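Peer 1:
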Amino acid sequence: MEAEMLGAIFTGLLEVKPVFKDKEVLRSTYTPDHLPHREDQIKAMAYILVSALRGETPSNIMIYGKTGTGKTACANFVGRQLEQVAAEQGYKCSVVYINGGIIDTQYRIIAYLARLFDKDVPMTGWPTDQVYAEFKATIDENEQIIIVILDEIDRLVKKGDEVLYNLLRINSDLKRAKISIIGISNNLQFREFLDPRIKSSLGEEELLFPPYDATQLVDILGERAEIGFEQGVLGDSVIPLCAAFAANEHGDARRALDLLRVAGEIAERSGKANVEEEHVRQAQTKIESDRIKEILATLPTHSKLVLYSVMSTGGKPHLTTGEVYRAYLNCCRATGMSPLTQRRVTDLISELDMLGIISTKIVNKGRYGRTKEISMMVPQNVVRSIITSDLRLKVLDSYTQSRQRTLGEEWDV
DNA sequence: CTTCCACGGGAACACTGGGGTG
DNA sequence: CACCCCAGTGTTCCCGTGGAAG
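Each residue of the first sequence is one higher than the one before, starting from 1487 at the first, in our numbering.
1. In whole angstroms, what separates the C-alpha of P1544 from that of T1558?
2. Go ahead and label H1765 buried or exposed: buried means 16 or more other beta carbons lie within 10 angstroms of its beta carbon, across all protein chains shown.
3. Name the DSSP beta bridge partners of T1591, please?
4. Under the assumption that P1522 contacts Q1675 (Cβ atoms under 8 Å), give the Cβ distance between them as a whole number of angstroms.
5. In the DSSP output, which residue or residues are listed as bridge partners for R1856?
6. Note down, one range per segment and in chain order, each beta strand (DSSP E) of at least 3 residues found wholly within the segment 1617-1690.
7. Which residues mark the beginning and the end of the alpha helix (DSSP H) in which Y1583 is found?
8. Is DSSP giving S1723 helix, strand or coil here?
9. Determine the direct distance from the alpha carbon of G1556 to that of L1782, and round the result to whole angstroms.
10. Name, in chain order, the residues that DSSP records as bridge partners for E1510.
11. Once DSSP output is grouped into helix, strand and coil, what is the label at F1603?
12. How would you label F1563, buried or exposed, when you count the other beta carbons within 10 angstroms and need 16 or more for buried?
13. Is it the case that the segment 1824-1842 contacts the segment 1788-1804, given that we only count it when at least three CB pairs across the two stretches are under 8 Å?
14. If you draw a straight line from the C-alpha of E1691 to the C-alpha of L1535, how long is it?
15. Just mark F1496 as buried or exposed, buried being the case when its beta carbon has 16 or more other beta carbons within 10 Å.
16. Under a three-way DSSP split, which group does Y1550 fall into?
17. Give me, in chain order, the residues of the same chain whose beta-carbon lies closer than 7 Å to that of H1520; leave out the 5 immediate sequence neighbours on both sides.
18. May I have the straight-line CA-CA distance separating R1819 from F1679, to the nearest angstrom?
19. Check each candidate in K1858, S1687, E1809 and name the one with the smallest Cα separation from G1669.
20. First and last residue of the alpha helix (DSSP H) that includes M1531?
21. Out of T1821, V1607, L1815, state which residue places its alpha-carbon closest to the alpha-carbon of L1882.
22. In angstroms, rounded to a whole number, what distance separates the CA positions of N1673 and F1603?
23. Only counting the same chain, and skipping five residues up and downstream in sequence, which positions put a Cβ closer than 8 Å to that of K1913?
24. Distance, Cα to Cα, I1713 vs L1512?
25. Look at G1554 and I1635 and say whether their C-beta atoms are less than 8 Å apart.
26. Could you pull out every residue in the same chain whose Cβ sits closer than 8 Å to the Cβ of V1724, ignoring the five residues on either side in sequence?
27. Among the residues of its own chain, which have a CB less than 6 Å from the CB of I1625, if the five just before and after it don't count?
28. How is S1845 classed by DSSP in three states: helix, strand or coil?
29. Give the single residue among T1846, Y1550, L1694, S1580 whose Cα lies nearest to the Cα of A1538.
30. If we require 4 or more residues per run, which alpha helix (DSSP H) segments fall completely within the segment 1734-1763?
31. Quick test of your reading: A1753 and A1742, contact by CB under 8 Å. State the CB separation rounded to the nearest angstrom.
32. Who does M1840 pair with in a DSSP beta bridge?
33. Do the CB positions of A1530 and L1693 come within less than 8 Å of each other?
34. On the CB-based measure, 16 or more other CB atoms within 10 Å of its CB, does M1863 come out buried or exposed?
35. Just to confirm, is the Cβ distance from H1736 to K1509 under 8 Å?
36. Using alpha carbons as the reference points, say which of P1726, E1859, S1871 lies closest to E1780.
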């Protein structure tokens, strides 16, 4: 009896006609077998990389383009094909993908590479030179070509371009193996920051991935929807609307896919058999608010405190750093945390700005110095609820309330 | 021309989690 | 075991700099 009832909650759900056939295809991490509107770039890459199939080292490639323009997908796609053909022809050629946003230090990259070629290297502890030496020795045992795809290379370089420099000149130390690099950058001004030596060698070949326009996005979504959704569940205007939203934001295919997938999820959860325009609109707001909640929840404690301080000063639109810092000191006292220096807090403020949670503008107020004007970019209630759900910061809740009671009294520093 | 506030670069330091060596 | 080396991260300390109000 009870088991039946328990079963019933699932059978009830199973009776709802599924919306998705294969949700994986609708994720932006999935590499499809066909990439519409990127034929030119793929051909260009193939043309450069084909020398690997003749046993020569291909030129290094730099790929530029904003997020969601298919850079990663194309590079992986071409890489996979190259590996396959090389294997058929009896060449040893491996394509390695590294995301510079995740593996982001010199040591970790080389250690990761070494481990891929079955060389045991500890996570930490060794001098970097030693890891280099071991890695070089290992790969040089075989005649082979290694192509390293370095995604988000701009993030990597921010922490020092030594890695790139070392990787680029590694070939001169190698007898049998050769390494060639495909760098992928979201930032079009990336090359300006580079050391000229690196620039010339890394940018032997450059490819530009322009943003997709709305009609191209429709094609992309169409192909994926074909595999990802059950037949006939998508309303006619769903795909064009997703495409239009994403096209408005620099033609981001990742965004378009997210919209489509989340719209599907929303429809499914509300028990609808079809996905309609309204679900896309809901998806649009859901994605944005999820993103912000996620960012807020994972903020380090002191960043949360700084953000709270910005908010607690009463939503004045043009706060200065000094005011925020004073409020921050009070918050620290209320929570019993030891405060950071103002220097550090300005950095935290800049980080919050970068994340789009607050917006800042540097202004010169003449006689009254130079500062940042700071204002909130997200609703206060969201911030308050998430920040006070952090155990260590719970006291702030009652703190602001008591502060409001005594509003008007000066805050002592 | 001076003055003011904080920006933001850079060096130095502390600390962590992991080596290897005697 | 003790001891020192290494990379990496977060922080503090120091300081030159900007530019309009006064």
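All residues carry an ideal CB built from backbone N, CA and C; glycine is no exception. Quick caveat, the model's predicted, so the values are computed rather than measured.
Peer 2: For this structure:
1. 19 Å
2. buried
3. Partner(s): none; T1591 has no beta bridge.
4. Their Cβ separation, rounded to whole angstroms, is 28 Å, which puts P1522 and Q1675 out of contact at 8 Å.
5. Partner residues in the beta bridge of R1856, as assigned by DSSP, are N1850.
6. 1631-1637, 1664-1671
7. No alpha helix (DSSP H) holds Y1583; the beta strand (DSSP E) holding it covers 1579-1585.
8. coil
9. 28 Å
10. Note: E1510 sits in no beta bridge, so no partner.
11. coil
12. buried
13. Short answer: they touch.
14. 11 Å
15. exposed
16. Here Y1550 sits in strand by DSSP.
17. E1709
18. 41 Å
19. S1687
20. 1525-1535
21. T1821
22. 31 Å
23. The structure shown does not extend to residue 1913, since the chain is modelled only from 1487 through 1899, so no value can be given for it.
24. 9 Å
25. no
26. L1746, A1749, V1761, E1762, E1763, H1765, V1766
27. In the same chain as I1625, and ignoring 5 residues on each side of it, the C-beta atoms closer than 6 Å to its own belong to F1603, A1663, in chain order.
28. strand
29. S1580
30. 1739-1755
31. So it is not a contact: roughly 17 Å between Cβ atoms.
32. BP columns for M1840 are empty, so no partner.
33. Remark: C-beta atoms of A1530 and L1693 approach each other more closely than 8 Å.
34. exposed
35. no
36. S1871
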